[in-house]
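2 protein chains.
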Amino acid sequence: MIFSSKAEYGVRLMVELGRQAAEQPTSLKAIADAENLPLAYLEQVVARLRKAGLVMSARGAHGGYWLARPAEEISMDEVVQALEGQIAPMECFVHEHTERVLCSHEPDAGRGCATKLLWTKVQGGIVRSLQTTTLAELVEFTRRFDRAPAGVA
Amino acid sequence: MIFSSKAEYGVRLMVELGRQAAEQPTSLKAIADAENLPLAYLEQVVARLRKAGLVMSARGAHGGYWLARPAEEISMDEVVQALEGQIAPMECFVHEHTERVLCSHEPDAGRGCATKLLWTKVQGGIVRSLQTTTLAELVEFTRRFDRAPAGVA
DNA sequence: CAAAATCCGATCCCGTTGGTAGGATATGGC
DNA sequence: GCCATATCCTACCAACGGGATCGGATTTTG
Numbered sequence: 011m012i013f014s015s016k017a018e019y020g021v022r023l024m025v026e027l028g029r030q031a032a033e034q035p036t037s038l039k040a041i042a043d044a045e046n047l048p049l050a051y052l053e054q055v056v057a058r059l060r061k062a063g064l065v066m067s068a069r070g071a072h073g074g075y076w077l078a079r080p081a082e083e084i085s086m087d088e089v090v091q092a093l094e095g096q097i098a099p100m101e102c103f104v105h106e107h108t109e110r111v112l113c114s115h116e117p118d119a120g121r122g123c124a125t126k127l128l129w130t131k132v133q134g135g136i137v138r139s140l141q142t143t144t145l146a147e148l149v150e151f152t153r154r155f156d157r158a159p160a161g162v163a
Numbered sequence: 011m012i013f014s015s016k017a018e019y020g021v022r023l024m025v026e027l028g029r030q031a032a033e034q035p036t037s038l039k040a041i042a043d044a045e046n047l048p049l050a051y052l053e054q055v056v057a058r059l060r061k062a063g064l065v066m067s068a069r070g071a072h073g074g075y076w077l078a079r080p081a082e083e084i085s086m087d088e089v090v091q092a093l094e095g096q097i098a099p100m101e102c103f104v105h106e107h108t109e110r111v112l113c114s115h116e117p118d119a120g121r122g123c124a125t126k127l128l129w130t131k132v133q134g135g136i137v138r139s140l141q142t143t144t145l146a147e148l149v150e151f152t153r154r155f156d157r158a159p160a161g162v163a
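Taken in order, these protein sequences are the chains called A and B.
When the letters of the first sequence are read in order and numbered with this note's numbering, they come out as residues 11 to 163.
When the letters of the second sequence are read in order and numbered with this note's numbering, they come out as residues 11 to 163.
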């Protein structure tokens with residue numbers, strides 16, 4: 011599996027926030043109930059989104075979370091990256107020091123690293139698909155079903 | 011990490027075979043030495059490639075492996091799939107029974123599965139990048155360095 | 001027969017993942 | 001002021017899968 015449940019839960023959480031009015035805090039409990047997810051675990055997930063500056067929070071009674079920016083300006087690339095960390099197809103792409111993503115393979119026997127060529131392409135494919143999707147699109151997608159009848163054609 | 015070392019090792023193995031003359035068996039030990047990989051583990055990796063019909067084998071002394079088809083006709087999509095199994099961005103995409111790849115999420119609260127939309131895009135990006143790359147391209151890439159001087163600009 | 005290989009299954013170590021537990025801190029309403 | 005609500009933080013744990021090793025069975029060449 012490519013992404014862990016952190017990504018799944020986190021994206022759902024963002025969509026849920028995108029469906030609410032801006033600036034108005036939504037409690038994690040409300041989201042956990044709506045999506046049927048474990049509250050304590052969601053806390054860890056949302057913490058990543060907060061540290062990445064994608065959501066803001068208010069503590070105390072009637073507190074909660076809301077989107078830091080309009081959903082139209084949030085690309086899913088940022089969201090997934092905040093949840094999963096660097097999106098690298100292979101170990102050698104992650105440089106511990108620089109957090110830069112590149113292949114650190116020694117050119118074996120003087121040859122070029124063939125796998126690098128492949129993984130670079132794959133990574134490009136992934137990042138491009140994420141960058142070209144905004145949170146607003148996902149929110150809009152769910153709205154289409156809000157008034158639809160139960161039976162889906 | 012998106013792919014495990016099975017993919018890394020397996021792709022290298024395929025490239026190594028692609029560099030050899032067709033039909034002529036190359037022993038795993040030779041490949042393990044050339045790429046500095048654990049022989050016993052490579053056995054498991056190559057078994058997947060064999061079962062997928064991508065390589066053929068001959069047992070006994072002077073036996074080994076070779077490509078079942080010319081490298082030009084092998085898309086990396088097949089290779090990676092054989093090594094890693096179904097390429098699904100998320101758990102819900104794998105149907106145990108059918109081995110078909112699709113999202114099995116219940117439409118929550120009558121809504122469309124928003125994450126499905128996203129994961130589908132990502133999967134498309136990955137598969138497309140793999141399908142448009144042939145083993146021959148990777149082999150060619152390594153050849154470019156065969157005669158190059160040690161110092162790479 | 002012996003060496004060189006492919007084949008096959010069982011086992012093991014270990015890091016990650018998903019999840020829980022418990023509490024500290026902040027805020028609003030009474 | 002107090003209590004309920006809610007975020008925040010850290011530690012902990014069980015289960016799982018990945019990477020790898022081991023031992024041996026089988027096949028083929030010389």
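Every residue, glycine too, gets a C-beta built ideally from N, C-alpha and C.
Cβ distance (whole Å) where residue i is taken to contact residue j below 8 Å
i: Arg138 (chain A); j: Gly135 (chain B); result: 6 Å
i: Ser67 (chain B); j: Thr144 (chain B); result: The Cβ separation is near 22 Å, so there is no contact.
i: Val90 (chain A); j: Leu64 (chain A); result: Wrong, their Cβ atoms sit about 11 Å apart, outside the cutoff.
7 Å Cβ cutoff met for residue i and residue j
i: Glu94 (chain A); j: Ala42 (chain A); result: no
i: Arg58 (chain B); j: Ala81 (chain B); result: no
i: Asp87 (chain B); j: Gln133 (chain B); result: no
i: Val149 (chain A); j: Val55 (chain A); result: no
i: Met11 (chain B); j: Phe13 (chain A); result: no
i: Phe7 (chain B); j: Ala98 (chain A); result: Look at the range of chain B in this structure, 11 to 163, and you will see that residue 7 (chain B) is not part of it.
i: Arg29 (chain B); j: Glu45 (chain B); result: no
Interface residues of the region 125-155 of chain B facing chain A [CB-CB below 7 Å]: Thr125, Leu127, Leu128, Lys131, Val132, Gly134, Gly135, Ile136, Arg138, Ser139, Leu140, Thr143, Leu148, Phe151, Thr152, Arg154, Phe155
contact_flag[the region 30-46 of chain B, the region 69-80 of chain B] where n(CB pairs < 8 Å) is 3 or more: yes
Near-chain A residues of the region 74-87 of chain B (beta-carbon distance less than 8 Å), N- to C-terminal order: Met86
Every unbroken beta strand (DSSP E) inside the region 55-85 of chain A [3 residues or more]: 65-68, 74-77
Chain B contacts from the region 27-47 of chain A (Cβ-Cβ distance under 8 Å): Ala44, Glu45, Asn46
Contact set between the region 53-68 of chain B and chain A, restricted to residues whose Cβ is under 9 Å from the partner: none
4-residue-minimum alpha helix (DSSP H) runs that sit fully inside the region 122-154 of chain B, ordered along the chain: 124-141, 145-153
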